[in-house]
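Undergrad:
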Amino acid sequence: MTIGTNVMNSWRKSGSPMIWLTSGAVSISLIAVIGLLILIAWRGLVYFWPSTIYQFDVVNPQGQVETVIGEVYEIDSIPAQRLRENGHNIPSEVTEVESKLVKTGNREFVELDFRWLLGPTITKQQALPNLAVFERNKNGNFYGFINSVTVDGKKKTGEMATLVATLDDALARVETLQEQADELQSSEINSINYKLEKIRLKQRRYEIDNELTPERLADLDAQRKTLNDKYLVHEAKLFKFRNEMTRDFVTVKDMRGELVDINLSYLLSFNLPNQMGVITKFGHWLVNIGSFVMDDPREANTEGGVFPAIFGTIFMVMLMAVIVTPFGVVAAIYLHEYAKKNVFTKFIRIAVINLAGVPSVVYGVFGLGFFVYILGGSIDELFYPESSPSPVFGSPGVMWSALTLAILTLPVVIVSTEEGLSRIPISLRQGSLALGATKAETLWKVIIPMASPAIMTGLILAVARAAGEVAPLMLVGVVKMAPTLPVDGNFPFFHLDRKFMHLGFHIYDVGFQSPNVEAARPLVFASSFLLVTVIVGLNMAAIRIRNLLREKYRSLEH
Amino acid sequence: MSQSADTLTSRQRSDLGASDPLRAFKDKLAQYSITMGGLMVLMTLLMIFGYLLYVVEPVFRNASIEIQQQQKLEANTNVVATGSDELNEIAYYYTDKGQLRFYPLVETSPAKSVVELPLVASQSISSIASSGSDVAFGLNDGGLMVSQPSFMMSFTDKGREITPQVRYPLGEESLTIDAQGQPLTQLAFQRDEEQVSAVALTQDHRLLLSTLVAEENFMTEEIEWVSETNQLHGIPTSISKLQITPDQRLLFVLSSNQLYIYDIVAGAFDAPRQVVEINEPGAKVTDISLMSGGSSILVGNSNGVITQWFETKSDRGRRLTKIRNFTVEGSVEKIQAEPFRKTFAVLNDKGDLRLFHSTSEADLLDEPLVNKATALQFSPRNNALIFTTKDSIDFYNLENEHPEVTWSALWQEVWYEGYPEADYVWQSTSASDDFEPKLSLVPISFGTIKAALYAMLFAVPIAIAGAIYTAYFMPPNLRKVVKPTVETMEALPTVILGFLAGLWLAPIVEEYLPFVFMIIFVIPATIVLFAFIHHKLPKKWRNILNEEYSTLMLIPIILLASMACYGLSPMIEEALMGGDARMFISNELGIDFDQRNALIVGIAMGFAVIPTIFSITEDAIFSVPQHLSNGSLALGATRWQTLVGVVLLTASPGIFSAVMMGLGRAVGETMIVLMATGNTPIMDWNIFEGMRTLSANIAVEMPESEVGSTHYRVLFLAAFVLFIFTFFFNTVAEVVRQRLRDRYGSL
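Taken in order, these protein sequences are the chains called V and A.
Taking the numbering used here, I'd label the letters of the first sequence as residues 351 to 908.
Taking the numbering used here, I'd label the letters of the second sequence as residues 372 to 1118.
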């Protein structure tokens, strides 16, 4: 006994338990990071996997048997006690009841498209092979059995395989038409609208400057007329496409046992997931990921893809990179190559640290007040008096967001570049100077090329930081739904005054502001996964470049 | 390094200048432009600082007045009411003869005009009351006439044109208040869309309340006024002033120093509900005035004290309570409150004008007037004051943008109208019109500190312990992987952490509350237990399970322990808390419980802060010179003793600066608190309730606030406070770190 206590005591005195505890802290941190990444990846990727559709026979409180068709979303166990208190009839030996959250879709026919089913009420659960899921551009998914397909007024019934084939063909036709209509809409019609607006502004400009002569007015009117005529032609074409699209429909038997016609113009795709093998499912999974990245959002952002958000994020971040790089690099060169070691330099260093530490929302406030209202307001007054009272640059937009984030990420570029500069051996500078180069030439020809990987690292880190920042953007330019992208085919192609969508804000908006959080949550996980992949990827790349750089200079030093 | 490069260049430069002026010029140009670039960083910081101050500064400015125009009056004109249009281009006054005279304030306005009130020949004005832009006249035959000057705006080729008009909202014929036809000697009046109330004192000392209710005629769709007149009883023998609240609920009757309060909406006409002595000791009441919204009453005294009263709830029902005092020199002559805000103007017997804001207790202005005035009126937009003097009407421009903000209103308890006591409140907007914004920065600053502290509580132990191990005990090959992994966490967008905290973690924590509190004790205990078991293992086993890789060994152990806690959680909940931890906490312990609370924020934000603290601490410990710890080990200290006694001591400034940096980050973090709390501005340390932080407040309210408004500027002030907070933490951290670097340099 005493020996045991002694061992224990000496072990305690050696500090070993404390070392183990500190080691545990590292383990906890690692579990947290890796666990978080796995959680996001798992929940984000599972979203795209075609899930099995079940048909449940459920006894409802009135004692009748009801059919419910849908995907199982979540399984939870509820203490039986709580259910008994709520008046459910649960046998006394049961302590926990399994409960399933089922997504039933068919939003226009049921009150809620999500429903909790209690285990004991389910009498039968089967994954019938002919159950189909229809993805629609309105009202979400529809679940049911294909009953017939009506093509060009002819109703076709029969074998499931032939029905599917017919539907596939009909859908392909609609898709082609849709593509043509979209093309027309996005290029021709959009461009006409844009030009008409330009003409209106031009006329307003003449009016303001008192230069609107009758000839000019006649000219503008003529232009307007040509455009309007063109528009009518395109519009007729567009209506024709749209009309063509509504020709066919599919008739589906839903869980109430009723036949519902789904017009193919609303149908985006359909699947029979219960017939799919793992490989087919994997194919579909890839297709789903692809369309998530490439499609526009639908249903108030809770369905469809996130393409505009990805595009907006990338465009804003690139714009920011263009702004921040020269300033950051110049500041770093000053600090490392030119600044003398005095109080003033110390101040600048403190300023850099503080710029890095100021909360991002403060930058947002500054950007809104200074860039948007003061700078943007002045630009509007000087260059765009014709569009008053609606602001051009005097309201939040992608340029101000990029500028704001450029200030925010400036310290990242400075610190990283400076680190790179400090790793370049002094002998290289001396060599260059000894050969008669000026300091500027040394910098330009020797130092900067050598520091370029470090600059690159800083830039990547800055981009990663900017891509994840949301709070300042909420003030200076991001919106939940932007009608147009900041880049399009209309001159001058880049529209820096436009508002834009952002992946990070999309997560906040869909996760917290959408009316149907339950339906939107998987999509938010998918968006999160996308954002995390991009940001972690960028960071890894930056770390990798930095490490390579270190290796390179280590060899130079010897 | 750069020092030596510098000396070289200067030597070279002298030669170069002679040989190639272009190159020398380029060199100079580069030097200057790069120096400019360096300065720009400092300038940016100063510009942010300066701009924030520039936006905030007007909030603390005092009011100012400046005379714009003096309108001479004809002899024997008694002015009974004054006013102006919204743009301060036309002013008007009523005379006691029933005339309304408009006159221009700027050159472009239409010339003077006179409108005669449509009185019958036998009628004359015996009393007057005004409310808003309405002016009501009590007549000598017991009748009531209401008029309202209005201004038509039209746009013509020459620009904007304003035409003055008079409207009679209750018709051009007078309404009969007193059926007995006695002259009305005192009058109070209020009107809204649906109802009109007029209280009049007749010459034979009866107090009559006339209520008119608007009813729409079904046939013609015209509004008809249905009137009902009641006599009020229990009135004092002398009445000096009558006032009706704008909601037409209460009637105040002033009789020398006593205020009689009638609850007219309840139909209690027989006796006053309450009689209050409202004078200051030893002084007489000289004037009373209702504040905008009508909840407060201002009482002026002959000794220069103005008191503000409003009803508060007490055990005896709602009672009029004295809230605060303001003092002017001499005796108070006249009090006039602003129509929409809580500013009021006071005239004293010396002819000085004082401006106060009641809620913020701001002393806005103290200035002598050119002519001593007897009455005053605010312009509709509160940007001008119109004074009635003996022989003129003086129009003053008034600059008083932000009276509601003072240092004390922002940081001290304020007693708002309708509140039982003074309190810190942040409530910037509301649906109702006569709402008074309550802009105390205390609750949101408190929220910021609360969120940051809970985050630090979670982050500091883990981050510092982890950094110690990684820097001092971990084998280098493992460290090379672990450090970047933990630092990856820093790159995770906070919006994702916030989303996970709010939608994934919060429901789990709510459901498995005992689990969260169990793991705090179970995990350390498990680690120590495992360590002891490891210590007792046979040597062969210990060599296989090398202690150097304890971090990796502990990962499954910790996961298992957590899973055990997770599984046990419902049972513990059943056994100790009656099956529902949330109900138990809110009902049995009496602690409020929100799903998104400080615990969630602490965990999520702690997560965001861990990498910051970890990284800097690790660097600090790792850069402690090797020979220091070697010395200690050589003297026989154990590794742990060396760490505590030598390494940590040397690295402590670095650790301090790491904590400061972490705190700075936690204070400024926006998205996590925005998403993981309910954002209610409450002041409570309760871990199960949420908070609202400065940063989240800015993010939520900034997009909706009107540019240049008080709210906008106060939000900038919040940003400024945040800036100063983080500036302080970061600067301290940086200075400490620079010192440390210098010291290690010498070691």
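Even for Gly, the Cβ is constructed at its ideal location relative to N, Cα and C.
Here's the rule I'm using: 16 or more other beta-carbon atoms within 10 Å means buried, otherwise exposed. How should A/Gln-374 be labelled?
TA: Any answer about A/Gln-374 is weak, because its pLDDT of 45 lies below 50 and its placement is not dependable; what the coordinates show is given next. Looking at its Cβ environment, which holds fewer than 16 other Cβ atoms inside 10 Å, A/Gln-374 is exposed.
Undergrad: Please check if any C-beta of chain A sits within less than 7 Å of the C-beta of V/Tyr-684.
TA: yes
Undergrad: Using the Cβ count rule (16 or more neighbours within 10 Å means buried), how would you classify A/Val-980?
TA: buried
Undergrad: So the candidates are V/Lys-849, V/Leu-534 and V/Leu-881; which of them puts its Cα closest to the Cα of V/Gly-747?
TA: V/Lys-849
Undergrad: Tell me whether V/Ser-364 sits in a helix, a strand or coil according to DSSP, three-state version.
TA: coil
Undergrad: Checking 7 Å against the spacing of the C-beta atoms, do A/Val-741 and A/Val-717 come in under that value?
TA: no
Undergrad: So, is the C-beta of A/Ile-867 closer than 7 Å to a C-beta in chain V?
TA: yes
Undergrad: Which residues of chain A have a Cβ atom closer than 7 Å to the Cβ of V/Val-447, listed in chain order?
TA: Within chain A, no residue comes near V/Val-447; the closest Cβ sits about 13 Å away, beyond 7 Å.
Undergrad: Anything in the segment 879 to 904 of chain A with a Cβ closer than 8 Å to a Cβ of chain V? List those residues in chain order, please.
TA: Ile-894, Pro-895, Ile-898, Val-899, Phe-901, Ala-902 and Phe-903
Undergrad: Using beta carbons (cut-off 7 Å, strictly below), is A/Ser-673 in contact with chain V?
TA: no
Undergrad: Buried or exposed for A/His-773, please, with buried defined as at least 16 other CB atoms from any protein chain shown within 10 angstroms of its CB.
TA: buried
Undergrad: Spell out the partners DSSP gives A/His-728 in its beta bridges.
TA: According to DSSP, which records beta bridges pairwise, A/His-728 is partnered with A/Thr-714 and A/Ala-733.
Undergrad: If distances are taken between C-alpha atoms only, which option among V/Ala-756, V/Met-824, V/Gly-786 and V/Ala-821 comes closest to V/Ile-810?
TA: Cα-wise, what sits closest to V/Ile-810 is V/Ala-756.
Undergrad: Beta carbon of A/Ile-1137, beta carbon of A/Phe-901: below 7 Å?
TA: In the structure as shown, chain A begins at 372 and stops at 1118. Residue 1137 of chain A is therefore absent and cannot be evaluated.
Undergrad: Any chance you could list the beta strand (DSSP E) runs of at least 3 consecutive residues sitting entirely within the segment 392 to 475 of chain A, in chain order?
TA: Correct list: 435 to 443, 450 to 455, 461 to 466 and 470 to 475.
Undergrad: Below 8 Å, can you find three or more Cβ-Cβ pairs linking the segment 1057 to 1071 of chain A to the segment 1016 to 1025 of chain A?
TA: no
Undergrad: A/Tyr-840 CB to nearest chain V CB: under 7 Å?
TA: At a cut-off of 7 Å between beta carbons, A/Tyr-840 contacts chain V.
Undergrad: Is the shortest distance between the beta-carbon of V/Met-670 and the beta-carbons of chain A less than 7 Å?
TA: Interface with chain A (7 Å Cβ-Cβ cutoff): V/Met-670 is excluded.
Undergrad: Using three-state DSSP, classify V/Ala-515 as helix, strand or coil.
TA: helix
Undergrad: How long is the line joining the alpha carbons of A/Gly-1002 and A/Asp-1113, rounded to whole angstroms?
TA: If you draw a straight line from the Cα of A/Gly-1002 to the Cα of A/Asp-1113, it comes to about 22 Å.
Undergrad: Return yes when the Cβ of V/Val-763 is within less than 7 Å of the Cβ of V/Gly-887, no when it is not.
TA: no
Undergrad: Decide yes or no for the touch test of the segment 626 to 641 of chain V against the segment 393 to 403 of chain V: beta carbon pairs closer than 8 Å, at least 3 of them.
TA: yes
Undergrad: Under the DSSP definition of a beta bridge, which residues are partnered with A/Trp-680?
TA: A/Ile-668 and A/Lys-693
Undergrad: Out of A/Leu-756, A/Asn-672 and A/Tyr-767, which one is the CA nearest neighbour of A/Gln-439?
TA: A/Tyr-767
Undergrad: DSSP on A/Leu-1119, reduced to helix/strand/coil?
TA: In the structure as shown, chain A starts at 372 and stops at 1118, and residue 1119 of chain A therefore has no counterpart that could be examined.
Undergrad: Any idea what DSSP makes of A/Asn-601, helix, strand or coil?
TA: strand
Undergrad: Consult DSSP for V/Asp-645 and reduce its assignment to one of helix, strand or coil.
TA: coil
Undergrad: Strictly by DSSP, which residues pair up with V/Ala-586?
TA: BP columns for V/Ala-586 are empty, so no partner.
Undergrad: Nearest chain A C-beta to V/Ser-878 closer than 7 Å, yes or no?
TA: yes
Undergrad: Locate the beta strand (DSSP E) running through V/Ala-482, then write down its first and last residues.
TA: Its beta strand (DSSP E) spans residues 481 to 486.
Undergrad: Helix, strand or coil: how does DSSP classify V/Leu-888 here?
TA: helix
Undergrad: Does the segment 880 to 890 of chain A come close enough to the segment 942 to 951 of chain A that 3 or more CB-CB pairs lie under 8 Å?
TA: yes
Undergrad: In the DSSP assignment, find the beta strand (DSSP E) that holds V/Asp-463 and state where it starts and stops.
TA: It is not in any beta strand (DSSP E) - V/Asp-463 carries neither H nor E in the DSSP assignment.
Undergrad: If we define contact as Cβ-Cβ less than 7 Å, is V/Thr-372 a contact residue for chain A?
TA: yes
Undergrad: Looking at the C-beta of A/Leu-379, does it have a partner C-beta in chain V at a distance below 7 Å?
TA: Annotation note: pLDDT 46 at A/Leu-379 (below 50); position unreliable, no value reported.
Undergrad: So who's on the other strand from A/Thr-573, going by DSSP bridges?
TA: A/Leu-555
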